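Trainee:
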Amino acid sequence: MRLKGKKIIQLVSNEFEDLELWYPVMRMREEGAEVVLAAEKSGETYIGKYGVPAVSDAAFSDINPAEFDGILVPGGWAPDKLRRYPEVLDMVRHMHEEKKPIGQICHAGWVLISAGILEGVQVTSTPGIKDDMTNAGAIWHDEAVVTDGHIVSSRRPPDLPEYGKAFADVLAER
Numbered sequence: 475m476r477l478k479g480k481k482i483i484q485l486v487s488n489e490f491e492d493l494e495l496w497y498p499v500m501r502m503r504e505e506g507a508e509v510v511l512a513a514e515k516s517g518e519t520y521i522g523k524y525g526v527p528a529v530s531d532a533a534f535s536d537i538n539p540a541e542f543d544g545i546l547v548p549g550g551w552a553p554d555k556l557r558r559y560p561e562v563l564d565m566v567r568h569m570h571e572e573k574k575p576i577g578q579i580c581h582a583g584w585v586l587i588s589a590g591i592l593e594g595v596q597v598t599s600t601p602g603i604k605d606d607m608t609n610a611g612a613i614w615h616d617e618a619v620v621t622d623g624h625i626v627s628s629r630r631p632p633d634l635p636e637y638g639k640a641f642a643d644v645l646a647e648r
């Protein structure tokens, strides 16, 4: 229970990649962390790409990122929606400024790009957004997980075990 007392924001919107949202949530909860699913509306059901639902615990507008220890951004098509909310970008920027852990997998890099925090950062993502990541100033690697300080990135579902462990390790060190 090395993450007992830690609070994490898990962003959610429709068409998230089911495993990329739920695997990290379960992994962090197994380690004792409290994970709050934050979405446009509180108490709303959001549906993943493969039909798995997620009910939000809080609205973006209800979240004070200063009360949290880290943030997870899911992959799938949800990141293209999430990056359109100023509150989401503010949360990510706050975590970055405070050097709190930021986890991103697959297409989640789009949110970090829109937040403007990737200049000079070592990352990975789904190869499909490699150009987006490098055009934002990131240094892209084709590896299961890349950790650069407080930013933990991963490519896709087969990399989830390495990603979950790496994010938990970074969070535990804070």
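Take 475 as the starting number for the sequence shown in the working numbering and just add one per residue.
Don't be surprised by glycine CBs; every beta carbon is placed ideally from N, CA and C.
Since the structure is predicted, the reported quantities are computational estimates derived from the model, not experimental observations.
On a CA-only basis, which of G506, Q484, G590, G638 is nearest R567? Give me that one, please.
Mentor: For the residues G506, Q484, G590, G638, the minimum Cα distance to R567 belongs to G590.
Trainee: Does L586 come out as helix, strand or coil in the three-state DSSP assignment?
Mentor: L586: helix per DSSP, three-state reduction.
Trainee: DSSP state of K604, grouped into three classes?
Mentor: In the structure shown, K604 sits in a helix (DSSP, three-state: H, G or I).
Trainee: Among residues of its own chain, excluding the 5 on either side of V526, which ones have a beta-carbon nearer than 6 angstroms to its beta-carbon?
Mentor: Excluding positions up to five away in sequence, the list reads D492.
Trainee: For G583, is the classification buried or exposed, using 16 other Cβ atoms within 10 angstroms of its Cβ as the cut-off for buried?
Mentor: So G583 ends up on the buried side.
Trainee: For the candidate residues L645, A507, R476, A640, whose alpha-carbon lies nearest to that of K573?
Mentor: Measuring from the Cα of K573, the nearest candidate turns out to be L645.
Trainee: Identify whether A512 lies in helix, strand or coil by the three-state DSSP scheme.
Mentor: Correct three-state label for A512: strand.
Trainee: Could you tell me which residues DSSP puts in a beta bridge with P597?
Mentor: In the sequence as presented, Pro is not what sits at residue 597; that position holds Val. Looking at the DSSP assignment, V597 forms a beta bridge with W614.
Trainee: In this structure, how does DSSP classify K574 when only helix, strand and coil are distinguished?
Mentor: In the structure shown, K574 sits in coil (DSSP, three-state: anything other than H, G, I, E or B).
Trainee: Is the separation between the beta-carbon of K555 and that of E489 shorter than 9 angstroms?
Mentor: Yes; because the gap between Cβ atoms is below 9 angstroms, this pair is in contact.
Trainee: Would you kindly report the start and end of the unbroken alpha helix (DSSP H) that includes A622?
Mentor: At residue 622 the sequence reads Asp, which differs from the Ala that was named. Counting along the chain, D622 falls outside any alpha helix (DSSP H), though it belongs to the beta strand (DSSP E) covering 619-622.
Trainee: For P730, which three-state DSSP category applies?
Mentor: Past the edges of the chain, shown from 475 to 648, lies residue 730, and the structure says nothing about it.
Trainee: Write down the C-beta distance between K619 and E636 rounded to the nearest angstrom, noting that I regard them as a contact closer than 8 angstroms.
Mentor: As written in the sequence, residue 619 is Val, which differs from the Lys given in the question. The Cβ separation is near 4 angstroms, so the contact holds.
Trainee: Considering only the beta carbon of each residue, do I625 and V585 sit closer than 9 angstroms?
Mentor: Contact flag unset, no.
Trainee: What distance in whole Å lies between the Cβ atoms of S530 and V597, which are believed to be in contact at a cut-off of 8 angstroms?
Mentor: About 27 angstroms separates the two Cβ atoms, so there is no contact after all.
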